[in-house]
Amino acid sequence: MRQVQIFLLCTLSACGTDYRPDDLNNSSDPGVDGGVKTDGGSSTTAEDARVPPPDGIPAGLAPCDEAPYHSDFAFIEDKVLAPNCLDGCHSGSDPGADMDLSVGAAYANLVNVPSHQSGWMRVVPNDASASALMVQVGAETGFAIEGTMPWNQPKLCEPILDAMRRWIVAGAPPR
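Residue 6 is where the sequence shown starts when you use my numbering, and the numbers rise one by one after that.
(1) Please state the DSSP three-state secondary structure of residue 63.
(2) Whether or not the stretch 143 to 154 and the stretch 104 to 111 are in contact is what I'm after, with contact meaning three or more pairs of Cβ atoms, one per stretch, closer than 8 Å; do they touch?
(3) Which of helix, strand or coil does DSSP assign to residue 46?
(4) Please go through the same chain and pick out, in chain order, the residues whose beta-carbon is closer than 6 Å to the beta-carbon of residue 137, but skip the five residues on each side of it.
(5) Using CA atoms only, rank isn't needed, just tell me which of 159, 176 and 178 is closest to residue 90.
(6) Taking only the alpha-carbon atoms, compute the straight-line gap between residue 112 and residue 59 and give it to the nearest angstrom.
(7) Exposed or buried, residue 56, counting other C-beta atoms within 10 Å across all chains shown (16 or more means buried)?
(8) Between which two residues does the alpha helix (DSSP H) holding residue 92 run?
(9) How about residue 97: is its Cβ closer than 7 Å to a heavy atom in the ligand GTP?
Here it is as structure tokens:
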């Protein structure tokens, strides 16, 4: 009888703690993979940004390597929009699609602003899949597009697209 009680106690205490070796490869712990899942999908919540180490985000990272730490507009404005969208397109006195994405002007031209081409909103706070910006950069499906932004450049890397998605899902705060 005592052995049965011990067996039941061990069985009940282990409930919910299954260990499967493949779990190590499918982690969605933001401290491990920055919210980018190994199956090619991506997370959609602001909490999925990678937790910076105690001494801060390492200096000198490329934007794609730094992106998993971010869900903030400052990063998107400085490291994504400024280097990819301004040169000859979304800046100056006559920006493409009447959308000036210059530092300091980008937020007001994106969030809750209707797109001239699609009829969608450029950025819908809390809803990345309804945001024209995410369709234009190839991160969401939606209206028909001629190609992904930025034009004549490689598609933005998945960690940057995930940072943009996290920012929108977090409510698209200004900073």
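We treat Cβ as the ideally placed atom computed from N, Cα and C, and that holds for glycine.
Judging by the given coordinates:
(1) The three-state secondary structure of residue 63, taken from DSSP, is coil.
(2) no
(3) Only weak support is given to the placement of residue 46: the predicted model assigns it a pLDDT of 39, under 50, and the value that follows is read from those uncertain coordinates. Correct three-state label for residue 46: coil.
(4) 120, 123, 125 and 127
(5) 159
(6) 30 Å
(7) exposed
(8) Where residue 92 is concerned, there is no enclosing alpha helix (DSSP H), given that its DSSP letter is neither H nor E.
(9) This structure lacks the ligand GTP; in fact it carries no ligand of any kind.
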